[in-house]
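I have placed the structure first, in the form of structure tokens, so that the comments after it can refer back to it.
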Amino acid sequence: MKLAIIGLGNMGQAILAGIAEKEVVPLDKIIVADKRTTVQNKLQTKYSNLQFTTDNKKAAQADYIILAVKPQVIRSVLEEIREVNNKQIIISIAAGVKMKLLNRYLGEEAKIIRVMPNTPALVGAGMSVLNFSASVLAEEKDFVQSIFAALGLSKEASEEDMDAVTGLSGSGPAFVYLFIEALADAGVLKGLNRETALQLAAQTVKGSAEMVLKTDKHPAELKDMVTSPAGTTIAGVAALEAAGFRSAVIEAVTKATERSEELGK
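The sequence shown begins at 170 in our numbering and counts up one residue at a time.
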């Protein structure tokens, strides 16, 4: 069994790092393709057993092919590899790119998997959501899920949900980074040094997320546990509500989802 990764941007490299760290696939069974030789040269020092190429067609001879490219270039890559056969499994992480478009280039019977990962995969804390075409076999699903489980958590969803997934977990890290930055800025405003403020902000967000994931408590319940009558926290919560914090976040996810829908047309 051979695996190809076409595209060595942030996500392509994150996928490669996760596979290597968890030993999902032996490195000598992986071929990676990128037009930029500078990227290849950088990675060759780290992964000496990998096979590198600038030829996407050569990479597309593998059994499993991960298209780790942006939606703006997916069509040109699909054009290059459209001669793949129905036994090969094509995995696309291009945001907003629908099965319909992938089928147009690869055929109606092609084994296609859409994946929406996110950038925390770079540190093994990603959230990847997968959607499978009907022709993908159970053991093939399991193998691909093992790849993305190496990057954090993975979950299956219907194609109808993938745009919303893109808007929420795909784009969500950027929204969270803005929040962390704002928390840190507030700390600096109130006299903390930048390093301390940023550490407090980031760890607070990380710990709060772990509370949601590990306690089975609703975020509202966890919020209520922190807010004492006439206390400091409820004063801050009231300020966020007055500023339209919730509606701003909902609007951000809505706009990102709509952009994903546009990319798929």
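Glycine included, each C-beta is placed from N, C-alpha and C at the ideal position.
Computed from a predicted structure; not experimentally measured.
From residue i to residue j, what does the alpha carbon distance come to, in whole angstroms?
i           : j           : result
residue 128 : residue 324 : The question about residue 128 has no answer here: the residues shown for the chain are numbered 170 through 434.
residue 405 : residue 434 : 42 angstroms
residue 218 : residue 365 : 41 angstroms
residue 321 : residue 290 : 6 angstroms
residue 409 : residue 400 : 15 angstroms
residue 180 : residue 294 : 13 angstroms
residue 254 : residue 414 : 49 angstroms
residue 407 : residue 312 : 47 angstroms
residue 205 : residue 182 : 13 angstroms
residue 280 : residue 336 : 25 angstroms
residue 240 : residue 272 : 15 angstroms
residue 439 : residue 285 : Past the boundaries of the shown model lies residue 439; the chain is included only from 170 to 434, so the question cannot be answered.
residue 395 : residue 187 : 36 angstroms
Identify the continuous alpha helix (DSSP H) that holds residue i and give its terminal residues.
i           : result
residue 424 : 414-432
residue 405 : 401-411
residue 268 : 268-275
residue 208 : 206-213
residue 381 : 363-384
residue 349 : 341-358
residue 334 : 331-334
In the structure shown, what three-state DSSP assignment does residue i receive?
i           : result
residue 246 : helix
residue 229 : coil
residue 192 : coil
residue 396 : coil
residue 316 : helix
residue 173 : strand
residue 217 : coil
residue 234 : strand
residue 292 : helix
residue 182 : helix
residue 265 : coil
Our contact map puts residue i next to residue j with C-beta atoms below 8 angstroms; I'd like the distance itself, whole angstroms only.
i           : j           : result
residue 184 : residue 246 : Not quite, the Cβ-Cβ distance comes to about 16 angstroms (not below 8 angstroms), so this is no contact.
residue 222 : residue 202 : 5 angstroms
residue 200 : residue 220 : 4 angstroms
residue 369 : residue 381 : Their Cβ separation, rounded to whole angstroms, is 19 angstroms, which puts residue 369 and residue 381 out of contact at 8 angstroms.
residue 170 : residue 198 : 6 angstroms
residue 260 : residue 282 : 5 angstroms
Tell me the residue span of the beta strand (DSSP E) that contains residue i.
i           : result
residue 222 : 220-222
residue 325 : 321-325
residue 296 : 295-301
residue 201 : 199-202
residue 282 : 280-285
residue 259 : 258-261
Exercise for review: Evaluate the contact criterion for the stretch 258-270 versus the stretch 194-203: three or more CB pairs, one atom per stretch, below 8 angstroms.
Suggested key: No, the stretch 258-270 is not in contact with the stretch 194-203.
(Q) For the stretch 354-365 against the stretch 334-345, do three or more pairs of beta-carbon atoms, one drawn from each stretch, fall closer than 8 angstroms, so that the two count as touching? (A) No, they do not touch.
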